[in-house]
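Peer 1:
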Amino acid sequence: MCASKEQAKALYELQTKKIQPTVPMTVDASNPCLKKFETLLDQSNVVFANGGNPDIYGFVVKKFAPQLGELIRKRVQEGTLLYMGRSAGGMVGGSDFALTYEPSPALTSSLLNEDTRGLALAGKCALRPHIKNHLWDITSKIYAKATGQTVVLAANGEGLFCNQGCCGMTGTTEKTDPDSIKNAGYSASRIQKAYQAAYSGASEPTKFYDKAQAAEAKCGETSGKVVLTSNGLESAASQQAFVTLLKKDPSTVKVVSLDDGAYLSKGFWDATDAEFAKVGGVNYLTLQTPTAPSMVQEATQGFQGLVPGSGSTADTSLQTLGVSPTSISHISAFDRCASQEQKQALFALESQGVPPKVPMEADANCVSKLVGELASADVVVMGDGNADFLSFVYKKFAPSLGQALVDRVTSGNSVFLGLGGGSTFASASTMAAGSTGSKILKTLLQDNMEGLGLAGSCAVRPGFNPSVAWWDMTSALFEDATKMDFVGLEDGAALVCSGQCAVSGSETASKMMGADSGSLHRGRVHMILDNALD
Numbered sequence: 004m005c006a007s008k009e010q011a012k013a014l015y016e017l018q019t020k021k022i023q024p025t026v027p028m029t030v031d032a033s034n035p036c037l038k039k040f041e042t043l044l045d046q047s048n049v050v051f052a053n054g055g056n057p058d059i060y061g062f063v064v065k066k067f068a069p070q071l072g073e074l075i076r077k078r079v080q081e082g083t084l085l086y087m088g089r090s091a092g093g094m095v096g097g098s099d100f101a102l103t104y105e106p107s108p109a110l111t112s113s114l115l116n117e118d119t120r121g122l123a124l125a126g127k128c129a130l131r132p133h134i135k136n137h138l139w140d141i142t143s144k145i146y147a148k149a150t151g152q153t154v155v156l157a158a159n160g161e162g163l164f165c166n167q168g169c170c171g172m173t174g175t176t177e178k179t180d181p182d183s184i185k186n187a188g189y190s191a192s193r194i195q196k197a198y199q200a201a202y203s204g205a206s207e208p209t210k211f212y213d214k215a216q217a218a219e220a221k222c223g224e225t226s227g228k229v230v231l232t233s234n235g236l237e238s239a240a241s242q243q244a245f246v247t248l249l250k251k252d253p254s255t256v257k258v259v260s261l262d263d264g265a266y267l268s269k270g271f272w273d274a275t276d277a278e279f280a281k282v283g284g285v286n287y288l289t290l291q292t293p294t295a296p297s298m299v300q301e302a303t304q305g306f307q308g309l310v311p312g313s314g315s316t317a318d319t320s321l322q323t324l325g326v327s328p329t330s331i332s333h334i335s336a337f338d339r340c341a342s343q344e345q346k347q348a349l350f351a352l353e354s355q356g357v358p359p360k361v362p363m364e365a366d367a368n369c370v371s372k373l374v375g376e377l378a379s380a381d382v383v384v385m386g387d388g389n390a391d392f393l394s395f396v397y398k399k400f401a402p403s404l405g406q407a408l409v410d411r412v413t414s415g416n417s418v419f420l421g422l423g424g425g426s427t428f429a430s431a432s433t434m435a436a437g438s439t440g441s442k443i444l445k446t447l448l449q450d451n452m453e454g455l456g457l458a459g460s461c462a463v464r465p466g467f468n469p470s471v472a473w474w475d476m477t478s479a480l481f482e483d484a485t486k487m488d489f490v491g492l493e494d495g496a497a498l499v500c501s502g503q504c505a506v507s508g509s510e511t512a513s514k515m516m517g518a519d520s521g522s523l524h525r526g527r528v529h530m531i532l533d534n535a536l537d
């Protein structure tokens with residue numbers, strides 16, 4: 004109504020062909036259409052902003068005809084006009100509309116100068132409508148923390164309302180559970196820390212990512228023979244891949260199982276816990292730990308602060324392949340090489356949050372003996388459990404042992420088999436561990452989530468369920484920020500690396516395309532996080 008033919012054509016060519024406008028893209032202040040709109044608004048009690056492309060609507064009320072946007076805001080704030088926004092209209096009415104999923108961000112970068120601020124009719128609330136799964140749950144929490152806004156997720160039928168400075172939700176359903184992340188055992192704060200580190204001066208804040216996530220893992224060149232799994236060699240495909248890499252009769256091999264991942268689990272120490280005697284699990288008896296459970300119980304005030312469950316080993320699947328039980332040695336490097344004071348300090352940290360007051364480095368002679376044990380291993384297993392504790396043990400407590408492990412694997416002398424948290428730590432980053440329930444990440448690792456890097460540039464998320472879309476958006480943004488490749492491993496699947504990496508044993512994609520499917524685009528969210536966290 005207010006745009007000239009030249010402006011309309013320029014807008015169309017920008018959106019569809021990315022041709023930059025050569026004509027001014029603002030309405031002439033003397034254009035009579037502005038007066039018509041102002042008169043119409045003066046005669047109205049309700050303005051209804053419909054759905055569509057939030058970029059276009061935001062451009063119109065903020066750049067093309069900002070006087071209209073200001074008039075709407077003024078009338079709403081005075082209480083003489085009711086603003087009703089549907090979909091895109093609701094997003095632009097909020098504090099920010101960068102959570103839009105429209106395809107091309109050309110309008111954002113060219114006409115809005117990367118300014119996605121809305122009319123702010125609902126204070127600091129930014130709306131993300133059409134919620135139907137967990138796609139936005141993690142990302143929205145990180146976005147809110149980074150920007151200081153309150154991100155409101157709304158499924159169809161739900162709505163955000165504000166009256167006299169008070170806002171609330173109406174028509175709420177189970178699709179927008181505010182505690183969903185906690186209930187699922189994930190941690191948005193952990194992933195925000197990973198983003199904080201990734202975005203700190205390392206990425207390109209003005210670059211939008213038009214490329215889609217690769218459907219297959221592209222981890223780059225790797226050295227050694229590595230099999231990373233979610234829960235062990237459960238599928239025939241993963242078993243075959245492991246045997247192929249082994250190139251030996253399984254009945255003749257020696258296996259060293261590194262089981263520190265289970266060390267901070269309640270089911271590892273508490274004999275009354277239901278997880279203590281689970282099949283395929285590990286506890287202080289199977290590990291033959293010299294540490295008395297009574298000491299742990301006392302140090303943790305009754306096993307408080309230890310995470311539920313217990314770790315898992317690969318013993319069952321290896322024995323199925325023909326490995327002799329007597330050829331499998333179980334080791335906890337921390338339990339073997341830590342002093343009594345160090346153990347008490349660790350458990351006090353986990354249960355009461357008390358930082359250690361003693362040095363947390365291993366005895367060098369003890370570590371040297373463990374390096375010798377690794378030197379004769381045909382297979383090194385890193386069991387499931389706490390990826391943060393594994394990172395502490397093999398990169399901080401006994402880094403020479405961690406380096407010996409890496410050298411042993413990358414030289415081709417040992418095949419590496421990871422399970423769950425062990426797979427996550429063995430990959431490029433432990434970001435995708437979700438939540439370990441541990442104080443170690445902040446206190447002992449200083450938020451460092453670097454893994455062993457045995458799978459090249461791939462970061463592994465075990466226990467992956469593609470149907471609920473928890474990691475789709477998060478993994479896409481993580482890849483943009485870190486230049487790593489996110490790989491989700493379902494139970495039964497394995498990431499197999501020998502020069503190159505590929506996923507086997509899974510009928511579904513190891514990486515979801517939900518963040519890039521159809522006409523979707525994540526570039527705006529990447530831009531906002533980059534600017535906010537840099």
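Numbered per my numbering, the sequence shown spans residues 4 to 537.
Virtual Cβ for every residue (Gly too), placed ideally from N, Cα, C.
1. Between Gly325 and the rest of its own chain, which residues show a CB-CB distance below 8 Å, the 5 nearest in sequence each way excluded?
2. Are the beta-carbon atoms of Gly270 and Ser313 separated by less than 7 Å?
3. Could you check how far apart the C-beta atoms of Leu422 and Thr232 are, in whole angstroms? I think they sit under 8 Å.
4. Compute the distance between the beta-carbons of Gly88 and Gly227, then report whether it is under 7 Å.
5. May I have the straight-line CA-CA distance separating Lys486 from Val64, to the nearest angstrom?
6. What is the DSSP secondary structure of Tyr60, reduced to helix, strand or coil?
7. So is Leu422 in contact with chain B if we call contact Cβ pairs under 7 Å?
8. If you scan the segment 130–181 from start to end, which runs of the alpha helix (DSSP H) of 4 or more residues do you find wholly inside it?
9. Measure the CB-CB distance between Ala341 and Val370 and report whether it falls below 7 Å.
10. Nearest-angstrom Cα distance between Glu344 and Asp338?
11. Cβ of Asp99 within 7 Å of Cβ of Arg120?
12. Would you mind working out which of Lys39, Ala91, Thr316 sits nearest Ala52, comparing C-alpha positions?
13. Where DSSP assigns a beta bridge to Gly235, which residues make up the other side?
14. Looking at C-alpha atoms only, which residue of Asp276, Met452, Glu41, Phe419 is the closest neighbour of Gly437?
15. Starting from Ala462, follow its DSSP beta bridges and name the residues at the other end.
16. Quick check on Ala497: does DSSP put it in helix, strand or coil?
17. Distance, Cα to Cα, Phe306 vs Asp273?
18. For the alpha helix (DSSP H) containing Met530, list its first residue and its last residue.
19. Report the residue from Glu105, Val256, Gln347 whose alpha carbon sits nearest the alpha carbon of Thr294.
20. Taking 7 Å as the threshold (C-beta atoms), are Ala431 and Gly405 in contact?
21. Distance check for Val382 and Val256, CA to CA, integer angstroms please.
Peer 2: Quick answer:
1. Asp252, Pro253, Ser254
2. Cβ atoms of Gly270 and Ser313: closer than 7 Å.
3. 6 Å
4. no
5. 36 Å
6. helix
7. No chain B appears in the structure shown, which is made up of a single protein chain.
8. 140–150
9. no
10. 12 Å
11. yes
12. Ala91
13. In the DSSP output, where bridge partners are listed per residue, Gly235 has none listed.
14. Met452
15. Phe489
16. Three-state DSSP puts Ala497 in a strand.
17. The alpha-carbon separation between Phe306 and Asp273 amounts to approximately 7 Å.
18. For Met530, the enclosing alpha helix (DSSP H) starts and ends at 526–536.
19. The option with the nearest alpha carbon to Thr294 is Gln347.
20. no
21. 7 Å
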